[in-house]
Each structure stands twice: as C-alpha cells, then as structure tokens.
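Peer 1: Numbered according to full-length UniProt numbering, the sequence shown terminates at residue 165, and the numbering increases by one at each position without gaps. Glycine included, every Cβ here is placed at the ideal spot set by N, Cα and C.
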Amino acid sequence: MGFMDPSATEDDLKAGTNVEIPIWLAESLHARRPPLVSVELPKIYKETYREILNADACTVDMHKLGQYFYELGCYIAKYDIKGEVATTLMDTFKQRFRMILSASVSTDSITALQPLSTSERDRTAGAVVTEKALSRWLKRGDCPLTTATMVANHRKRKRAEMEML
C-alpha cells in the first residue's frame with residue numbers, strides 16, 4: 001500500500017504511518033479482522049472545533065468549514081467511541097436552527113445562504129417553498145379555516161360528574 005503515500009520510497013507502508021484516504025476505503029480496511037487501519041476523526045470533529053461549535057455555532061461558516069458537515073458527521077459518528085460527534089451534531093443544529101429559519105424568510109437570500117452547509121441549504125430551500133405555498137393558500141381565501149362542530153359543541157364536564165363515572 002506504499003503507493004497511497006506519494007512520499008513513500010517502499011512498496012509497503014510502515015506501521016503507524018498516517019495517510020489520508022477516503023472514508024469508504026478506511027471503513028472497509030477497518031472492518032477486516034484484524035483491522036488494517038485505525039480511523040481518526042477529521043479535524044472538524046476534533047476537540048478544538050467542537051469547542052468552537054459549542055461556544056457559538058452560528059458564527060461558523062459551515063460552507064467553508066465542511067459543506068457536508070452533518071452528513072459526514074453522521075457517517076463517522078460510529079468511529080467516535082465517546083459519542084461526542086453525535087452530541088456536537090445535535091447541539092450545532094439546535095443552535096443554527098433559528099438562523100436556518102431566518103434564512104428561509106429572508107429577502108436577501110444570497111447573503112443568508114452563504115454560511116450554511118449543504119444540508120442546511122436544502123432545508124432552507126424546502127422551507128422557502130413551503131412558506132410560499134402557505135402564503136398563496138392564505139391569499140386565495142377560498143377555503144377558510146372554521147371550527148369543527150364537535151369542538152364547538154363540546155362542553156366542559158364538571159368535576160362532580162366525572163367522579164360519579
């Protein structure tokens with residue numbers, strides 16, 4: 001496997017050599033018994049970046065940091081023994097959710113979409129379509145919302161009547 005490291009002079013890699021390879025290849029080599037490789041988390045999921053994301057995830061430009069931050073994070077979370085990657089993904093999305101919502105109703109969509117990751121942009125695009133459909137439906141007015149007859153005719157029961165049953 002020396003061909004994977006351009007600086008290697010031998011045909012075989014020495015034990016402990018760090019080589020960046022695609023995740024699909026690392027996964028298949030790690031699944032063998034005994035594992036041929038050990039998988040390290042990418043730098044965007046390590047402690048330094050987790051601290052930055054936990055402090056304020058809304059200030060991070062996810063498009064520059066990692067366009068597929070959530071997708072890759074879900075995929076490599078199984079290699080994180082402590083489970084911190086999954087927690088970071090959830091916390092990051094919770095913090096950025098308000099920013100995603102505001103981007104979906106923003107008139108300056110180019111500026112609002114710029115710091116979003118690919119999956120956040122997809123969710124924003126879906127929210128924009130849904131918001132426009134709701135606005136069109138509300139403007140039409142041909143099908144106004146009314147109270148259901150069951151709800152309108154429903155009376156509150158007195159506590160004494162409830163205890164007798």
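(1) Between the alpha carbons of residue 124 and residue 130, how many angstroms are there, rounded?
(2) For residue 19, count neighbouring C-beta atoms within 10 Å of its own C-beta (all shown protein chains included) and say buried if the count is 16 or more, exposed if not.
(3) Compare the Cα-Cα distances from residue 99 to each of 56, 76, 132 and 141 and report the closest residue.
(4) Could you pull out every unbroken alpha helix (DSSP H) segment of at least 4 residues lying fully inside the segment 68-98, listed in chain order?
(5) State yes or no: is the C-beta of residue 95 within less than 8 angstroms of the C-beta of residue 58?
(6) Around the C-beta of residue 45, are 16 or more other C-beta atoms found within 10 angstroms, so that it is buried, or is it exposed?
(7) Look up residue 142 in the DSSP assignment and say whether it is helix, strand or coil.
(8) Cα-Cα, which of 60, 82, 88 and 63 is closest to residue 73?
(9) Distance, Cα to Cα, residue 137 vs residue 71?
(10) Quick one, which of 145, 33, 134 and 102 has its alpha-carbon nearest residue 121's?
(11) Measure the Cβ-Cβ separation of residue 80 and residue 54 and say whether it is below 8 angstroms.
(12) Rounding to the nearest angstrom, what Cα-Cα distance links residue 66 and residue 117 in this structure?
(13) Can you find the residues in the same chain that come closer than 6 angstroms, C-beta to C-beta, to residue 112, ignoring five residues on each side of it along the sequence?
(14) Going by Cα to Cα distance, which pick from 14, 39 and 151 is closest to residue 24?
(15) To the nearest angstrom, how far is it from the Cα of residue 151 to the Cα of residue 126?
(16) Quick one: what does DSSP say residue 118 is sitting in, helix, strand or coil?
Peer 2: Straight from the coordinates:
(1) 10 angstroms
(2) exposed
(3) 56
(4) 69-76
(5) yes
(6) buried
(7) coil
(8) 88
(9) 34 angstroms
(10) 102
(11) no
(12) 7 angstroms
(13) 103 and 106
(14) 39
(15) 33 angstroms
(16) helix
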